[in-house]
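One structure is given below, encoded as structure tokens.
Number of protein chains: 2
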Amino acid sequence: MKVVHSPLHARHDGGKELHRGELVPCFEMPSRADFILQALRREGFAVGGPREFPLESLLRVHDAGFVEFLRTAHAEWRAVGKEGFMLPSGFPARSLRRDHIPAGINGKMGYYAFDASTPIVEGTWDAALAAAHCALTAAAHVVEGERGAYALCRPPGHHAGHAVYGGYCFLNNAALAAQYLRDHGKKRVAVLDVDYHHGNGTQDIFWERSDVLFVSIHGTPETEYPYFLGYADERGAGEGEGYTRNFPLPRGTAWAEYVTALDAALDTVGGFAPDALVVSLGVDTYEGDPISAFKLETRHYPLMGERLARLGIPTVFVQEGGYAVEDLGSNVAGVLKGFLARG
Amino acid sequence: MKVVHSPLHARHDGGKELHRGELVPCFEMPSRADFILQALRREGFAVGGPREFPLESLLRVHDAGFVEFLRTAHAEWRAVGKEGFMLPSGFPARSLRRDHIPAGINGKMGYYAFDASTPIVEGTWDAALAAAHCALTAAAHVVEGERGAYALCRPPGHHAGHAVYGGYCFLNNAALAAQYLRDHGKKRVAVLDVDYHHGNGTQDIFWERSDVLFVSIHGTPETEYPYFLGYADERGAGEGEGYTRNFPLPRGTAWAEYVTALDAALDTVGGFAPDALVVSLGVDTYEGDPISAFKLETRHYPLMGERLARLGIPTVFVQEGGYAVEDLGSNVAGVLKGFLARG
Ligand SMILES: [Zn+2]
Ligand SMILES: [Zn+2]
Numbered sequence: 001m002k003v004v005h006s007p008l009h010a011r012h013d014g015g016k017e018l019h020r021g022e023l024v025p026c027f028e029m030p031s032r033a034d035f036i037l038q039a040l041r042r043e044g045f046a047v048g049g050p051r052e053f054p055l056e057s058l059l060r061v062h063d064a065g066f067v068e069f070l071r072t073a074h075a076e077w078r079a080v081g082k083e084g085f086m087l088p089s090g091f092p093a094r095s096l097r098r099d100h101i102p103a104g105i106n107g108k109m110g111y112y113a114f115d116a117s118t119p120i121v122e123g124t125w126d127a128a129l130a131a132a133h134c135a136l137t138a139a140a141h142v143v144e145g146e147r148g149a150y151a152l153c154r155p156p157g158h159h160a161g162h163a164v165y166g167g168y169c170f171l172n173n174a175a176l177a178a179q180y181l182r183d184h185g186k187k188r189v190a191v192l193d194v195d196y197h198h199g200n201g202t203q204d205i206f207w208e209r210s211d212v213l214f215v216s217i218h219g220t221p222e223t224e225y226p227y228f229l230g231y232a233d234e235r236g237a238g239e240g241e242g243y244t245r246n247f248p249l250p251r252g253t254a255w256a257e258y259v260t261a262l263d264a265a266l267d268t269v270g271g272f273a274p275d276a277l278v279v280s281l282g283v284d285t286y287e288g289d290p291i292s293a294f295k296l297e298t299r300h301y302p303l304m305g306e307r308l309a310r311l312g313i314p315t316v317f318v319q320e321g322g323y324a325v326e327d328l329g330s331n332v333a334g335v336l337k338g339f340l341a342r343g
Numbered sequence: 001m002k003v004v005h006s007p008l009h010a011r012h013d014g015g016k017e018l019h020r021g022e023l024v025p026c027f028e029m030p031s032r033a034d035f036i037l038q039a040l041r042r043e044g045f046a047v048g049g050p051r052e053f054p055l056e057s058l059l060r061v062h063d064a065g066f067v068e069f070l071r072t073a074h075a076e077w078r079a080v081g082k083e084g085f086m087l088p089s090g091f092p093a094r095s096l097r098r099d100h101i102p103a104g105i106n107g108k109m110g111y112y113a114f115d116a117s118t119p120i121v122e123g124t125w126d127a128a129l130a131a132a133h134c135a136l137t138a139a140a141h142v143v144e145g146e147r148g149a150y151a152l153c154r155p156p157g158h159h160a161g162h163a164v165y166g167g168y169c170f171l172n173n174a175a176l177a178a179q180y181l182r183d184h185g186k187k188r189v190a191v192l193d194v195d196y197h198h199g200n201g202t203q204d205i206f207w208e209r210s211d212v213l214f215v216s217i218h219g220t221p222e223t224e225y226p227y228f229l230g231y232a233d234e235r236g237a238g239e240g241e242g243y244t245r246n247f248p249l250p251r252g253t254a255w256a257e258y259v260t261a262l263d264a265a266l267d268t269v270g271g272f273a274p275d276a277l278v279v280s281l282g283v284d285t286y287e288g289d290p291i292s293a294f295k296l297e298t299r300h301y302p303l304m305g306e307r308l309a310r311l312g313i314p315t316v317f318v319q320e321g322g323y324a325v326e327d328l329g330s331n332v333a334g335v336l337k338g339f340l341a342r343g
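Chains as they are written, first to last, in full-length UniProt numbering: chain A, 1 to 343; chain B, 1 to 343.
Okay, structure coming up:
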């Protein structure tokens, strides 16, 4: 299986987030990608760089003003004399307007964001764009006949919506891959999101569409980030009614219960009979993850990969979360090897 | 003029906010109230404590679930093993649901908040409740015949809406005072907000009412906090259509231009012919304010007070912002003395 990786991910570095009353370097840190890359190389995977894609590829799933904001945000920040990482100080939350984009950079940043844990640094755009290109390249490999391909995306993408960023995500790599598959002959595409956190951005993007099925298994938003999307009663709207399916699970869920939800999710995917599958592959379901609360063990990831392979659908794997840095590699490699083992 | 003050304000202390990439103690700090109190004592104002009011007084302008959240939030935070100050990590901003309150404390906090600069500490509820009682007591003084009364409220209140907190504000002291006046014989009440920042919370509370006029002069939300409310096209809705008026002004506004907006605002208030007036008295319009950008000088605050007195309406002053700590006292005293000078 081809692995697509760009060293540009490392430019997204130096931001901090608030954790237990202290400002700490983001859990979403460059070494995450390094550990995954090392493990995949050790396992013999062939690693290649991304191709280039026109900016218009991004506009297939994202708002043009939003993309322009991401592209220019840090330059605008520096232009008004600020430095370091950018975090918004106010949001269009309850009781506030959402119909006007403020002119100043602070207000604009709040308009496009939904949390204060997703810093933008000088290199964020370069890294996010490279991650998007990795996902598009992996999708291209599958269009060109590969059974599976893996995009080592960093920053991750599944929290980024049509015109919002947050949850360490800027551009929605998985949604871009799914749209690329749609635009290149795949009539029906499913996205299965197995990250610990709900893929609110992907759901937002495909909410009213019936050509892309979105299925997510995640920690319940009653207690887990992103709190305001990912409940079981969300099933899509309009044309998309019935094409969004959420499987929220309680904190502490271990493999025995997880696999029941996974099998139900896979049945849903199978029932849709997609021509291609995108897996939003977060491994923060791991018992050692510092910010999540499922109890999957390293030995379970190959089992997940096998089950995915049983669907028999060409599959693009897109890296999402996972913060137990030193164990990321084995868990990701486990899924991919499990997938390949089932020929 | 009677001054109402409670030492309980000091219990709201120890929180931090993000400022230029560093976590710093909140600009809204206990010494603010100490400096104001000192200056007013020096000027010979009589200082008294607040009366007690039943919890139901708060529910005249706030949502019951919101008040219960504020009352129990820090205990709930400690109950799940956390300590220190609470800041939310995700908000129901654009693309997310606002119709469900998450069960866990992190999600619930994000649901009720609209920024990540308003920490809740163990003593926040005691302080916010005492500030509300100060405002209600000052309103009672006016109901009982005083021409003017001043509530030294801390934390401030004008950013707190019917069911949201933010901008250093938890309970809306000015709205509570206005409602108290309405409930005790004053048929028409005006709120004039002269804080540097738009009083989004007060506007939210009275948006659909014609018995309380809300008028605000403030830094334009195009560039200034709270960014998502306070534009000139916001004029109320339903019954309240025409009873909200905003005067946004650009950064750098000095007295010469400020006074034009002030006079227009006073004309609007006068035209409403209210039986009582509440002034949301922020003095962060001061040239020395560290987080604001108007250019009013200490000598202008008595002029503001005189102009307010010219209306000839019984007036409750409620302290809002102002962060140039050592100059707060003279600026606040200036307004009150200017008001009293015009007999
Ligand atoms: Zn995650
Ligand atoms: Zn203010």
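We treat Cβ as the ideally placed atom computed from N, Cα and C, and that holds for glycine.
Range covered by the beta strand (DSSP E) that runs through residue i
i, result
"B/S280", "276–281"
"A/E234", "First-last for A/E234: undefined, no H or E at that position."
"B/G148", "148–151"
"A/F214", "212–219"
"B/R310", "Where B/R310 is concerned, there is no enclosing beta strand (DSSP E), although the alpha helix (DSSP H) it sits in stretches over 301–310."
"B/T315", "315–319"
"A/R245", "244–249"
"residue 350 of chain B", "Any property of residue 350 of chain B remains undetermined from this structure, which presents chain B solely from 1 to 343."
"A/K16", "16–19"
"A/V24", "22–25"
Where the alpha helix (DSSP H) through residue i begins and ends
i, result
"B/D204", "200–206"
"B/D193", "Note, B/D193: premise wrong, no alpha helix (DSSP H); beta strand (DSSP E) at 189–193."
"B/E257", "255–272"
"B/E326", "325–341"
"A/A139", "124–143"
"B/A175", "173–183"
Using only Cβ atoms and a threshold of 7 angstroms, which residues come within that distance of a heavy atom of ligand 2? Order them by chain position. B/D195, B/Y196, B/H197, B/G282, B/D284, B/S292, B/E320, B/G321
Identify each residue in the segment 243–254 of chain B for which the Cβ-Cβ distance to at least one residue of chain A is less than 8 angstroms, and report them in chain order. none
What are the start and end residues of each continuous alpha helix (DSSP H) run of 4 or more residues lying completely inside the segment 33–119 of chain B, in chain order? 56–59, 64–79, 105–112
Select from the segment 46–76 of chain A all residues with a C-beta closer than 8 angstroms to any C-beta belonging to chain B, and list them in chain order. none
Residues of the segment 11–25 of chain A with a CB closer than 8 angstroms to any CB of chain B: list them in chain order, please. Of all residues in the segment 11–25 of chain A, only K16, L18, R20, G21, E22, L23 place a beta-carbon less than 8 angstroms from a beta-carbon of chain B.
Members of the segment 215–243 of chain A near chain B, C-beta cut-off 7 angstroms: P221, E222, T223, Y225, P226, Y227, F228, L229, Y231
For the segment 253–283 of chain A, list every residue whose C-beta sits within 8 angstroms of some C-beta in chain B, in sequence order. none
Below 9 angstroms between beta carbons is the criterion; list the residues of the segment 163–174 of chain B that meet it against any residue of chain A, in chain order. Taking 9 angstroms as the upper bound on Cβ-Cβ separation, chain A lies near residues A163, V164, G166, G167 of the segment 163–174 of chain B.
Members of the segment 84–102 of chain B that neighbour chain A once the beta carbon cut-off is set at 7 angstroms: The residues in question are G84, F85, L87, S89, G90, F91, P92, A93, R94, S95, L96, R97, R98, H100, P102.
Positions along the segment 114–147 of chain A whose CB lies within less than 7 angstroms of some CB in chain B: F114, D115, A116, S117
Given a limit of 7 angstroms on CB to CB distance, which residues of the segment 182–211 of chain A reach chain B? N200, D204
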